[in-house]
Amino acid sequence: MPASIIEALNLSFRYNGIDVLQDVSFIAVKGDYIGLVGPNGSGKTTLIRILLGIAGPLSGRVRLFGQDLGDFSDWSRIGYLPQSFPSFNPYFPSTVEEIVSLGRLSGKRFPKHLDRSDHEAIDRALHLLNIDPIRNALIGELSGGQKQRVLIARAIVNNPDLLILDEPTAALDPEAREHFFTLLRRLNADRGTVIILVTHDVGSIGEYANKLMYVDRRIHFFGSFEDFCSSDRMTSLFGANSQHIICHRH
Amino acid sequence: MYIFEYLQYGFIQRALLCGSFIALLCSTLGVLLVLRRFSLIGDGLAHVTFGSVALGLFLRVYPLYVSLPVVMLSSLGILKLTQRARLYGDAAIGIVSSVGIAGGVLLASVAGGFNVDLFSYLFGNILAIGKEELYLSIALSIAVLAVIVLYFQEIFSMTFDEEFARVSGIATERLNTLLVLLTAITVVLSMNVVGIMLISALLILPAVTALQLARGFRTAMLISASAALASVVGGIFISLALNLPTGATIVLTNFVLFLFAFAIRNLRHRRLAS
Amino acid sequence: MGRQTFCRLSVLFLLCFLVLSCQGKGTATAPGRLAVVTTLFPLYDFAKNVAGERADVSLLLPPGIEPHGFEPRPADIVRLNAADLFIYTSPYMEPWAQVLIKGVQSGKLEVIQAGSGILPEGNPSVPAHRHERRDQVASGGPEAVDPHIWLDFANAVKMVETIRDGFIRKDPAGREIYEKNAADYTEKLKALDEQYRKGLQSCEKRIIVNGGHFAFAYMAKRYGFRYVSVYGISPDAEPTAANLAGITKILRENGLRFLFHEELINPKVAQMLSKEAGVALLKLQPAHNLSKEQLDRNESFLSLMGENLKNLRTGMQCQQASSKP
Numbered sequence: 034m035p036a037s038i039i040e041a042l043n044l045s046f047r048y049n050g051i052d053v054l055q056d057v058s059f060i061a062v063k064g065d066y067i068g069l070v071g072p073n074g075s076g077k078t079t080l081i082r083i084l085l086g087i088a089g090p091l092s093g094r095v096r097l098f099g100q101d102l103g104d105f106s107d108w109s110r111i112g113y114l115p116q117s118f119p120s121f122n123p124y125f126p127s128t129v130e131e132i133v134s135l136g137r138l139s140g141k142r143f144p145k146h147l148d149r150s151d152h153e154a155i156d157r158a159l160h161l162l163n164i165d166p167i168r169n170a171l172i173g174e175l176s177g178g179q180k181q182r183v184l185i186a187r188a189i190v191n192n193p194d195l196l197i198l199d200e201p202t203a204a205l206d207p208e209a210r211e212h213f214f215t216l217l218r219r220l221n222a223d224r225g226t227v228i229i230l231v232t233h234d235v236g237s238i239g240e241y242a243n244k245l246m247y248v249d250r251r252i253h254f255f256g257s258f259e260d261f262c263s264s265d266r267m268t269s270l271f272g273a274n275s276q277h278i279i280c281h282r283h
Numbered sequence: 515m516y517i518f519e520y521l522q523y524g525f526i527q528r529a530l531l532c533g534s535f536i537a538l539l540c541s542t543l544g545v546l547l548v549l550r551r552f553s554l555i556g557d558g559l560a561h562v563t564f565g566s567v568a569l570g571l572f573l574r575v576y577p578l579y580v581s582l583p584v585v586m587l588s589s590l591g592i593l594k595l596t597q598r599a600r601l602y603g604d605a606a607i608g609i610v611s612s613v614g615i616a617g618g619v620l621l622a623s624v625a626g627g628f629n630v631d632l633f634s635y636l637f638g639n640i641l642a643i644g645k646e647e648l649y650l651s652i653a654l655s656i657a658v659l660a661v662i663v664l665y666f667q668e669i670f671s672m673t674f675d676e677e678f679a680r681v682s683g684i685a686t687e688r689l690n691t692l693l694v695l696l697t698a699i700t701v702v703l704s705m706n707v708v709g710i711m712l713i714s715a716l717l718i719l720p721a722v723t724a725l726q727l728a729r730g731f732r733t734a735m736l737i738s739a740s741a742a743l744a745s746v747v748g749g750i751f752i753s754l755a756l757n758l759p760t761g762a763t764i765v766l767t768n769f770v771l772f773l774f775a776f777a778i779r780n781l782r783h784r785r786l787a788s
Numbered sequence: 006m007g008r009q010t011f012c013r014l015s016v017l018f019l020l021c022f023l024v025l026s027c028q029g030k031g032t033a034t035a036p037g038r039l040a041v042v043t044t045l046f047p048l049y050d051f052a053k054n055v056a057g058e059r060a061d062v063s064l065l066l067p068p069g070i071e072p073h074g075f076e077p078r079p080a081d082i083v084r085l086n087a088a089d090l091f092i093y094t095s096p097y098m099e100p101w102a103q104v105l106i107k108g109v110q111s112g113k114l115e116v117i118q119a120g121s122g123i124l125p126e127g128n129p130s131v132p133a134h135r136h137e138r139r140d141q142v143a144s145g146g147p148e149a150v151d152p153h154i155w156l157d158f159a160n161a162v163k164m165v166e167t168i169r170d171g172f173i174r175k176d177p178a179g180r181e182i183y184e185k186n187a188a189d190y191t192e193k194l195k196a197l198d199e200q201y202r203k204g205l206q207s208c209e210k211r212i213i214v215n216g217g218h219f220a221f222a223y224m225a226k227r228y229g230f231r232y233v234s235v236y237g238i239s240p241d242a243e244p245t246a247a248n249l250a251g252i253t254k255i256l257r258e259n260g261l262r263f264l265f266h267e268e269l270i271n272p273k274v275a276q277m278l279s280k281e282a283g284v285a286l287l288k289l290q291p292a293h294n295l296s297k298e299q300l301d302r303n304e305s306f307l308s309l310m311g312e313n314l315k316n317l318r319t320g321m322q323c324q325q326a327s328s329k330p
């Protein structure tokens with residue numbers, strides 16, 4: 034059985050007396066490219082935050098690369114693109130290059146200072162996302178799409194084995210989006226990087242991912258697109274139209 | 515030159531030296547505080563110091579021994595309030611600050627008056643720095659600057675995006691606590707040396723000056739430190755030349771520097787736009 | 006916390022609050038005695054001596070508070086409403102006195118301005134330093150009025166007499182007592198004046214430097230010595246670096262071995278100066294207010310001025326045997 038990269042075991046979470054997540058369990062293995070979909074307020078972002086240890090579950094466990102989350106320390110294997118963009122200070126005095134460099138810190142020991150290999154990795158990431166020309170621009174001077182690309186670069190600069198992205202394409206124009214998905218596909222195909230991509234763009238997710246996870250407080254479906262598209266249960270859950278939208282492209 | 519005649523006086527030498535170290539200390543911490551919307555924490559903790567000094571006098575304990583722990587606890591309190599009580603930094607600071615001052619006023623009243631006017635403990639004077647205070651300030655500055663330098667990247671990451679920093683394996687809780695405690699210690703000790711007006715100003719003005727111009731986080735720190743140094747040294751010399759109160763002159767010099775930075779930034783933008 | 010516990014605690018809290026608030030700090034006046042409120046310590050002491058058993062005299066300023074920064078509270082007006090006599094120095098010294106007086110509606114309050122007849126005619130005694138050089142130190146200046154009139158004991162005598170007259174107006178029945186007490190006390194003041202005159206006659210240095218504020222001009226004029234201070238009339242304005250350098254220079258140039266400082270002012274500046282110029286510190290008390298310890302020790306105006314004389318003689322390096330206090 035292929036090594037599990039990320040495991041969730043009976044996760045549940047409550048906020049203000051409301052059950053946000055109930056008994057969520059799944060296992061993702063190397064090579065999985067998971068589209069994580071669900072309606073608004075379904076707990077997708079909460080799930081992500083629990084998986085990464087930012088929020089603690091009410092009950093249940095998370096295992097990363099076979100290790101309990103509490104014992105895990107190999108953070109350089111994980112890349113993360115958070116959803117909330119507006120929360121950071123638009124006047125933050127940092128250049129694009131500095132922010133991408135922050136992604137390299139997870140692999141470093143104290144005292145963390147950047148060396149040549151870091152700079153090479155940063156250059157590669159900047160190039161991959163087409164943000165070389167603006168490497169010295171201040172983050173506050175960028176457009177939404179450019180900012181997004183900077184944060185994506187920060188997420189992948191370490192060549193992670195597990196990449197978790199929360200609504201990564203919301204601000205990107207179609208060309209940038211294509212570029213981005215090609216990049217992800219390469220990561221997933223060449224290195225087997227597990228990708229969990231939270232998205233509202235239900236229509237096109239089938240083009241990129243090889244697995245679909247539907248979350249609405251619980252996991253209502255987790256499996257391949259073939260299974261999803263041929264399942265009667267999914268038809269009843271979604272309605273034939275929606276199922277068709279997801280499946281027709283695949 | 516006539517002004518340089520003043521440099522032979524020990525108290526002016528100490529003002530320059532001690533002032534410079536405290537400038538470095540406050541300006542670097544200040545960048546972090548301003549970016550995290552804790553700008554008025556210097557002011558707020560100063561008010562808590564007032565209350566803690568009252569407590570110390572009331573208990574007949576040397577006020578500093580009471581101030582340090584009380585202010586450190588208050589700074590932790592401010593941090594907790596922002597995390598648990600759904601408040602931004604400014605409101606949290608406001609709460610702790612008001613309680614500190616009110617507590618002090620209450621204690622002063624209950625105790626029926628103290629020997630030296632309570633406020634004098636707030637107003638250290640940059641012109642009245644003794645040797646021990648000088649050494650203490652230098653030691654403190656070096657300690658805090660060392661922490662900032664050694665943990666520079668982590669602090670940077672955390673200040674920009676705390677959650678991402680956590681996912682990078684950075685111990686954000688511990689680092690936050692450390693920084694907030696260092697701020698508390700800085701405020702208490704520096705306040706006794708140079709007074710509340712200077713501390714508050716040095717924690718904010720150099721930082722906002724830097725933010726007008728800086729292209730890069732490291733650059734921001736360097737500009738902030740430079741602005742603070744220039745203000746202190748320049749301010750002292752100007753106050754000598756024009757026979758003005760030194761503390762206020764330093765603050766106003768800093769403000770003038772800020773105006774310069776602001777003007778330069780505007781010019782840059784106009785040039786880019788055209 | 007359960008609701009019941011919460012309710013119980015609230016009731017308990019309320020009860021405590023009510024009980025505690027019932028215990029106010031009352032100024033109980035013995036029946037038949039006049040209730041007198043004075044602003045500054047010298048007035049307090051003078052009034053006590055003049056009135057003797059016929060009055061209960063209290064001090065408005067809480068101990069340890071610097072009078073120049075004092076701001077009266079509503080409780081003070083309440084106190085005045087219950088008082089028979091209110092004694093203050095002058096509008097220059099207590100600018101807030103008018104506010105207090107206006108707030109009193111009892112109709113029975115007799116106000117005594119102890120400094121009347123002394124200011125501003127007494128003003129020319131303030132030495133006028135022109136600020137020609139940068140290192141000029143603080144002085145009264147020709148416009149500023151020095152309100153510390155009681156430090157010239159001839160003025161103090163006048164103040165005692167004014168107070169006596171006020172008491173007689175309010176309480177004519179006690180006239181003889183007041184006149185006798187006042188006469189006795191003014192004799193003591195005159196004796197004090199003589200001690201000062203003799204004691205400060207032949208001194209090596211005829212200049213004193215005060216690390217406090219500019220309060221001793223009257224004394225300096227009367228006994229003929231030069232007086233320099235770090236702060237101005239009111240110790241609010243900050244001394245500049247140039248001022249401090251100037252003071253240090255004066256200390257050195259005059260070969261002074263002592264620097265004076267005041268009880269109620271932050272000693273930091275004085276301590277710095279003493280180290281800078283290599284001089285020792287001596288206390289000098291303007292006596293407008295006392296510290297808690299001093300009040301507990303029952304210090305009197307005369308005892309404080311006696312201490313001042315001792316220190317002045319040390320500071321100015323005076324010869325000749327000192328007269329008894």
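Chains as they are written, first to last, in this note's numbering: chain A, 34 to 283; chain B, 515 to 788; chain C, 6 to 330.
Glycine residues also receive a C-beta, built at the ideal position from the N, C-alpha and C atoms.
Around the C-beta of residue 223(C), 16 or more other C-beta atoms lie within 10 Å, and the residue is accordingly described as buried. For residue 160(A), there are no CB contacts under 7 Å within the same chain when 5 residues up- and downstream are skipped. DSSP lists 90(C) as the bridge partner or partners of residue 115(C).
Taken atom to atom, the span from the alpha-carbon of residue 691(B) to that of residue 58(A) is near 34 Å.
Closest in C-alpha terms to residue 682(B), from the list 55(A), 44(A), 259(A), 86(A), comes 86(A). Here residue 57(A) is bridged, per DSSP, to 44(A). The Cβ atoms of residue 647(B) and residue 540(B) lie no closer than 8 Å to each other. Under the three-pair Cβ rule at 8 Å, the stretch 264-284 of chain C counts as touching the stretch 207-219 of chain C. An exposed status is given to residue 80(C), since fewer than 16 other beta-carbon atoms sit within 10 Å of its beta-carbon. Rounded to whole angstroms, the gap between the alpha carbons of residue 186(A) and residue 244(C) is 57 Å. Of the candidates 200(A), 128(A), 269(A), the residue whose Cα lies closest to the Cα of residue 729(B) is 128(A). CA-CA distance, residue 179(A) to residue 166(A), rounds to 11 Å.
Of all residues in the stretch 655-689 of chain B, none comes within less than 9 Å of chain C when Cβ atoms are compared. Beta-carbon to beta-carbon, residue 772(B) and residue 722(B) are separated by about 6 Å, close enough to satisfy the 8 Å threshold. Taking C-beta atoms as the reference points, residue 764(B) and residue 778(B) fail to come closer than 8 Å. Within the DSSP secondary-structure output, residue 189(A) pairs in no beta bridge. Here the alpha carbons of residue 123(A) and residue 254(A) stand approximately 38 Å from one another.
Looking from the CA of residue 270(A), the closest CA among 259(A), 248(A), 174(A) belongs to 248(A). In this structure, DSSP gives residue 303(C) a state outside helix and strand, which the three-state scheme calls coil. In the structure shown, the three-state DSSP call for residue 243(A) is coil.
Secondary structure of residue 551(B) (DSSP, three-state): coil. Chain B places a beta carbon closer than 8 Å to that of residue 125(A), counting this residue as a contact. When Cβ pairs closer than 8 Å are counted between the two stretches, the stretch 191-202 of chain A is seen to touch the stretch 97-113 of chain A, the count reaching three or more.
Interface residue (Cβ-Cβ distance to chain B less than 8 Å): residue 273(C) is classified as such.
Counting of Cβ neighbours within 10 angstroms places residue 670(B) among the buried residues, the total reaching 16 or more. Look at residue 202(A) here: in three-state DSSP terms it is coil, with no helix or strand label. Taking the CA atoms as reference points, residue 619(B) sits about 27 Å from residue 48(C). By the neighbour-count definition (other C-beta atoms within 10 Å, threshold 16), residue 257(C) is an exposed residue. Residue pairing by DSSP puts residue 230(A) in a beta bridge opposite 68(A), 198(A). Under the 8 Å criterion on CB atoms, residue 285(C) is classed as non-interfacial with respect to chain B. In terms of Cβ geometry, residue 295(C) and residue 266(C) do not form a close pair [threshold 8 Å]. For residue 232(A), same chain residues with a beta-carbon under 8 Å away, outside a window of 5 residues either side, are 68, 69, 70, 200, 201, 202, 238 in chain order.
The beta carbon of residue 187(C) is closer than 6 Å to those of 55, 165, 169 in its chain, skipping five residues each way along the sequence.
By a beta-carbon distance limit of 8 Å, residue 587(B) does not contact residue 126(A). Their separation comes to about 32 Å.
Between residue 105(A) and residue 38(A), the gap from beta carbon to beta carbon reaches 8 Å or more. Secondary structure at residue 107(A): coil, using DSSP grouped into helix, strand and coil.
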